[in-house]
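In the working numbering, the protein residues as written are 16 to 234.
C-beta atoms are modelled at their ideal positions from N, C-alpha and C, and glycine is treated no differently.
Note that the coordinates shown come from a computational prediction; the quantities given were computed from them, not determined experimentally.
One structure is given here, and the rest of the page talks about it.
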Amino acid sequence: MNKKTLYRLTAAACAVLFITGFSGLAGVEYQKSKPGPALPVDHFKQRVKAVISQASQVQAETLIVGDSLTEFAYLPELCGASVLNAGISSATIQDASTWTRSLIEASKPKRVVFALGTNNAKLAESKTPVPMVMQTYAALIDEAKGHDIYVATLPAVSPERPGFDATHIKALNEGIKTLAAEKGVTLIDLDRELPMTDGVHLTSEGYAIWRTQLNAVCT
Numbered sequence: 016m017n018k019k020t021l022y023r024l025t026a027a028a029c030a031v032l033f034i035t036g037f038s039g040l041a042g043v044e045y046q047k048s049k050p051g052p053a054l055p056v057d058h059f060k061q062r063v064k065a066v067i068s069q070a071s072q073v074q075a076e077t078l079i080v081g082d083s084l085t086e087f088a089y090l091p092e093l094c095g096a097s098v099l100n101a102g103i104s105s106a107t108i109q110d111a112s113t114w115t116r117s118l119i120e121a122s123k124p125k126r127v128v129f130a131l132g133t134n135n136a137k138l139a140e141s142k143t144p145v146p147m148v149m150q151t152y153a154a155l156i157d158e159a160k161g162h163d164i165y166v167a168t169l170p171a172v173s174p175e176r177p178g179f180d181a182t183h184i185k186a187l188n189e190g191i192k193t194l195a196a197e198k199g200v201t202l203i204d205l206d207r208e209l210p211m212t213d214g215v216h217l218t219s220e221g222y223a224i225w226r227t228q229l230n231a232v233c234t
């Protein structure tokens, strides 16, 4: 095989890989490229550090504390004001209770929005009784006293989504509704099926509805 033939075969193979790569982009598992063996990146810890850093840099009028549903959201503003997106993938209500006060003190927001609980419905987490989870949530809300406070219920999780307890989502939502009434804070009711990519995370259409619901209750 001469060099010219080898070149043509190589170029054709690269073209196929290029086209195939882009056609399957939506299903790609992205990883950090680095020399040598791939090392795991602890996104949770890095994201917590990033949010805390951003809180000290801006004084956002709206602080939204959430999980990956919030982290993945495009939020240039919320309630007509600047936003600190404190969404952290895999965060539970218990996790958020450890850093929310620091975020509030650093960013000094007018309003605090809590959009938490989906990860509490994971099978590994759903063993914790809902009343106990709501006790933690109540303390979390108390951390935001002196601000306009909003709490959001959870969108429905697809029954086909593995690793989640859909019935626990319903119990958590009932607990959140009761807690909002007891604490006298504004409820954002997202307890409905929204367009999703994987049974949990939202599509662009789902986020459009999500943002509309959030903005509808703002004062």
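Selection from L205, G199, A96, D213 that minimises the alpha carbon distance to G161: Nearest option by C-alpha distance: G199.
Integer-rounded CB distance, given that S83 should sit under 8 angstroms from S104: Between S104 and S83 a beta carbon distance of about 4 angstroms is seen, short of the 8 angstroms cut, so the two are scored as contacting.
Straight-line gap, D157 to E197 (C-alpha atoms, nearest Å): Cα-Cα distance, rounded: 12 angstroms.
Helix, strand or coil at I119 according to DSSP, with G and I counted as helix: Correct three-state label for I119: helix.
Element boundaries [beta strand (DSSP E), containing A167]: DSSP places A167 inside the beta strand (DSSP E), whose first and last residues are 163-167.
C-beta atoms of T201 and I164 nearer than 8 angstroms: Judged by beta-carbon spacing, I164 lies within the 8 angstroms limit of T201, meaning their Cβ atoms are closer than that value.
Chain-order list of residues whose beta-carbon lies under 6 angstroms from that of T218 (same chain, five-residue window excluded): Correct list, in chain order: P210, T212.
Cut-off 6 angstroms between Cβ atoms - residues of its own chain near V232, not counting five sequence neighbours on either side: Excluding residues within five positions, the ones whose Cβ falls inside 6 angstroms are T201, I203.
Check whether G81 and G102 have beta carbons under 8 angstroms apart: Going by C-beta atoms, G81 is nearer than 8 angstroms to G102.
Buried or exposed by the 16-neighbour rule on C-beta atoms within 10 Å, applied to T85: So T85 ends up on the buried side.
Beta-carbon separation (whole angstroms), V98 vs A75, contact threshold 8 angstroms: That belief holds up - the Cβ atoms of V98 and A75 are roughly 6 angstroms apart, short of 8 angstroms.
Three-way DSSP call (helix, strand, coil) for I203 in this model: Strand.
Which residues DSSP lists as bridging I79, in chain order: Within the DSSP secondary-structure output, I79 pairs in a beta bridge with N100, V128.
Buried versus exposed, by CB contacts within 10 Å (16 or more), T77: A buried status is given to T77, since no fewer than 16 other beta-carbon atoms sit within 10 Å of its beta-carbon.
Cα-Cα separation, A130 to Q72: The straight-line gap from Cα to Cα measures roughly 23 angstroms.
L118 versus R126: straight-line alpha-carbon distance, rounded: L118 and R126: Cα-Cα distance of roughly 12 angstroms.
Three-state class that DSSP yields for K64 in the structure shown: DSSP, read as helix, strand or coil, puts K64 in helix.
Local Cβ density within 10 Å of M147, reported as buried at 16 or more and exposed below that: When all chains shown are included, M147 counts as exposed.
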